[in-house]
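Just below is one structure, and these are the notes that go with it.
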Amino acid sequence: MRLLIVGYLEVDSGKTSLALSLVRALKARRRLVLAAKPVAGHSAWHQYRTVINSRRLGLLVGEDAYRLAEEVGMLDRVQLLNPVDVLIAPMDPAKAGGLVEEPLNIALMRVTSCAERLKVAHFLCEDVIERAPLLLAHELIEVARSLRPAPHKLSLLEAREILEREAGARADECLKLLERECEDLVVESFNNAAAPTPRSLEADYVLAVAPGRIDLFEGSEYKEAVSVLASLGMLTKLTVGEVSKYLKPLHTAWVRPVAESFEEAYREPVEELLRRIL
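Going left to right, the sequence shown walks through residues 1 to 278 as the working numbering numbers them.
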């Protein structure tokens, strides 16, 4: 079974909490389940723990992918579960004409290819690191030195071009491998993108999450809606909200607010959804 998790909001929809809860529920049923985050982005400042983890592993990895890999016992193969990873850095306003943030301001990037054998490539944008706040820039240089293989240096423009040109294809190579290794594959999208890659749309069901609710869509209907809308523009620019306007959920599960442990908040809604799809 293939499940795609997407979010209505750019941040804090609850995708990872839902994915973790779903993986645990499937594992409890003794099903062989894996989770993937094909394309991920994270902040060197707001998610500094990812800088620490990346330095320790010698591999660029974000927060969500790390948690999913831990849950399925594949931290040593996280580059397969998360083929494309981007580390974003803020800017020092004194170096950037008063600016602090810029969309897709890539400091470091990793792209994993799974076509013939697992091959990792890291990339470093010197122009971005040079414009980062002083102490953070030092940290980014240190994590870059720890990465294996060592990163290739390129410009921000070149990094963005690689991301746009190769991310989807490389990530889908790895998804194809993962499909052979499990009974159930839970794929988490990024931000509020309608889908992270073309192959991720080959899902039996799509779970669209927002604070307080989870909408369950039939996979082929969701894919058809995305295909029609994508013909008007690029796939990665489509949002969940735009797609959902043309679909009726098979079911909506409601989620109670909690003070902590968001994964626990999804336990009952996940059970409700699994009773419908298993």
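Backbone N, C-alpha and C fix where the C-beta goes; we use that ideal spot for every residue, glycine too. Since the structure is predicted, the reported quantities are computational estimates derived from the model, not experimental observations.
Counting C-beta pairs closer than 8 Å gives three or more between the region 239-248 and the region 192-199, which meets the contact rule. Residue range 205-210 is occupied by the beta strand (DSSP E) that includes Y205. H152: not part of any alpha helix (DSSP H); member of the beta strand (DSSP E) spanning 152-154, first to last residue. Under the criterion of beta carbons closer than 8 Å, A107 and I88 qualify as touching, at roughly 7 Å.
In this structure A35 touches L81 by the C-beta definition: roughly 7 Å separates them, less than 8 Å.
By the beta-carbon neighbour count (other beta carbons within 10 angstroms, threshold 16), K37 is buried.
In this structure, the alpha-carbon of V187 lies about 24 Å from that of P103. In terms of Cβ geometry, C182 and V33 form a close pair [threshold 7 Å]. The DSSP-derived three-state label of K15 is helix. DSSP places R275 in the helix class (H, G or I) of the three-state scheme. Under DSSP, E126 shares a beta bridge with no residue. Runs of the alpha helix (DSSP H) lying entirely within the region 3-71 and spanning at least 4 residues, in chain order: 15-28, 48-57, 63-71. Going by beta carbons, R55 and V143 fall inside the 7 Å limit. By the C-beta density criterion, H152 is exposed, having fewer than 16 other C-beta atoms within 10 angstroms.
For L185, the secondary structure class from DSSP, reduced to helix, strand or coil, is strand. DSSP places V111 in the uninterrupted beta strand (DSSP E) bounded by 106-113. Beta-carbon to beta-carbon, L250 and E218 are separated by about 6 Å, close enough to satisfy the 8 Å threshold. Under the DSSP definition of a beta bridge, R213 partners with A210, W254.
Here D184 is buried: its Cβ has 16 or more other Cβ atoms, across all protein chains shown, within 10 Å.
Around the CB of V226, 16 or more other CB atoms lie within 10 Å, so the residue is classed as buried. By the neighbour-count criterion, in which a residue is buried when 16 or more other Cβ atoms sit within 10 angstroms of its Cβ, K15 is buried. Taking V255 as reference, the option from A265, L247, K248, S261 with the minimal CA-CA separation is A265.
For D12, the number of other beta carbons within 10 angstroms of its own is below 16, and it is reported as exposed.
Residue state for A159 is assigned as helix, using DSSP reduced to three classes. In the displayed model, E218 falls within a strand according to three-state DSSP. Around V270, the same chain offers S21, L22, A25 as residues with beta carbons nearer than 6 Å, after the five sequence neighbours per side are excluded. Residues L75, V78, L81 of the same chain have their beta carbon placed closer than 6 Å to that of A69, with the five preceding and five following residues left out of the count.
Between L4 and S200, the CB-CB gap stays under 7 Å.
G58 places its beta carbon 7 Å or farther from that of V86.
Comparing alpha-carbon positions, the option among A19, E260, L136, E161 lying closest to V51 turns out to be L136.
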